[in-house]
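S.K.: To start, I am sharing the structure in question, which I have written as structure tokens.
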Amino acid sequence: MRIHNELIELRQKEKRITSEILNKLQEMEDGRRYLELGHPSLFGYLVRGLGYSEATAYQRQACVRLAKEIPEIKQKIDQGSLTLSAVTTAFKHLRKKPVAEKRKVLKIMENKSSREIKKMFLEPTPTLKIKKTEYVDKVHLRLELTHEQNQRLEKLKALKSHQHNVESLLVNLIEKELKAYKNTEFKVSKSKNPRQISKRLRNDVLKAADYKCQYPGCESKYFLQVDHILPVRNGGDQRRENLQVLCSSHNHHKG
Ligand SMILES: [Zn+2]
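This is how it looks when you write it as structure tokens:
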């Protein structure tokens with residue numbers, strides 16, 4: 312059938328183009344060239360610079376990052392034994408694993424259906440259920456633990472033997488956590504470090520920037536940092552007009 316042959320040919324072309332795009336993206340990522348174009352990340356470039364949907368951009372970025380460590384996956388994508396979505400799943404779940412393990416798992420993933428691959432990464436989700444009921448004078452929490460969670464709680468209770476019941480243990484933990492936060496807040500406000508920008512000023516600068524990176528062309532809302540336009544080491548201070556918002560990539564790029 313002619314139309315079938317035409318589609319087969321187009322499909323071959325599509326594969327070639329996908330692999331060509333991945334190679335070019337790798338180049339873009341290696342030199343972080345997207346920064347000069349005003350994008351905070353390869354992902355941002357894929358979405359705003361090339362018009363990919365966020366889901367597709369995420370897949371492309373995952374492939375590029377994983378192919379950096381394990382170059383042979385590109386060939387496997389070309390051949391069709393690994394799909395982009397399989398590689399994305401591997402990237403997500405194996406992020407912190409050593410390269411040798413990534414390689415091993417990817418080998419197992421070859422020629423598997425997406426359903427089989429999903430199954431490989433199923434993790435039991437920890438269950439800790441709390442049912443909350445509010446009354447005028449008190450709040451009623453009903454806590455449901457697995458036996459294992461309960462054993463851990465009992466262990467903690469035993470270690471803190473002076474707190475002989477769960478109630479006082481819990482109340483003390485809350486107080487301790489709150490105190491730890493209070494201490495860090497206090498330290499920040501008392502700091503005389505010229506690089507330290509007060510919380511209020513920081514919020515002010517962020518608000519004025521509409522919570523977006525102010526690097527020309529970039530509008531990232533993530534990993535925002537308040538930057539000294541004239542660096543502190545060059546005599547810059549923390550007057551309002553010397554401060555701007557940059558995403559961490561552009562702050563790093565600026566150096
Ligand atoms: Zn930026």
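First residue of the sequence shown? That's 312 in this note's numbering, and the numbers climb one at a time after it.
Every residue gets a Cβ at the ideal spot worked out from N, C-alpha and C, and that includes glycine.
1. Looking only at its own chain, which residues have a Cβ that is under 6 angstroms from the Cβ of Glu530, when we skip the five neighbours before and after it?
2. Name the residue from Gln536, Arg544, Val482 whose alpha carbon lies nearest to the alpha carbon of Asn504.
3. Whose CA, out of Gln507, Gln555, Asp548, lies closest to the CA of Tyr526?
4. Tell me the residue span of the alpha helix (DSSP H) that contains Asp389.
5. Is Gln323 buried or exposed, if buried means 16 or more other CB atoms sit within 10 Å of its CB?
6. Please go through the same chain and pick out, in chain order, the residues whose beta-carbon is closer than 8 angstroms to the beta-carbon of Leu346, but skip the five residues on each side of it.
7. Hey, could you find the ends of the alpha helix (DSSP H) Pro429 is sitting in?
8. With a threshold of 7 angstroms (Cβ to nearest heavy atom), would Pro409 be considered close to ligand 1?
9. If you run the structure through DSSP and keep just helix, strand and coil, what is Ser560?
10. Determine, using beta carbons only, whether Glu340 and Leu353 come nearer to each other than 8 angstroms.
11. Please classify Ser500: does DSSP put it in a helix, a strand, or coil?
12. Any idea what DSSP makes of Val537, helix, strand or coil?
13. For ligand 2, any of its heavy atoms closer than 7 angstroms to the Cβ of Pro382?
14. With hydrogens ignored, establish whether the beta-carbon of Tyr522 is closer than 7 angstroms to any heavy atom of ligand 1.
15. Shorter than 7 angstroms, the distance from the beta carbon of Pro351 to the closest heavy atom of ligand 1, or not?
16. Should Ser560 be counted as a contact of ligand 1 given a C-beta to heavy atom distance under 7 angstroms?
17. When you compare only the Cα positions, how much space is there between Val499 and Asn476?
18. Rounded to whole angstroms, what is the Cα-Cα separation between Ser425 and Ile388?
19. Does the beta-carbon of Tyr363, which I'm using as the reference point, lie nearer than 7 angstroms to any heavy atom of ligand 1?
M.R.: Once the coordinates are examined:
1. Lys523
2. Arg544
3. Gln555
4. 383-390
5. exposed
6. Ser560, His561, His564
7. Inspection of the sequence shows that residue 429 is occupied by Lys rather than by Pro. 425-431 is the span of the alpha helix (DSSP H), which, as asked, contains Lys429.
8. no
9. In the three-state DSSP reduction, Ser560 falls in the helix class (H, G or I).
10. yes
11. Residue confidence is low: Ser500 scores 48 on pLDDT, short of 50, so the model does not pin down where it sits. No coordinate-derived value is stated.
12. strand
13. You won't find ligand 2 in this model; what it holds is ligand 1.
14. no
15. yes
16. yes
17. Low confidence applies here, because Val499 scores a pLDDT of 49, under 50, leaving its location unreliable and the question unanswered by this model.
18. 14 angstroms
19. no
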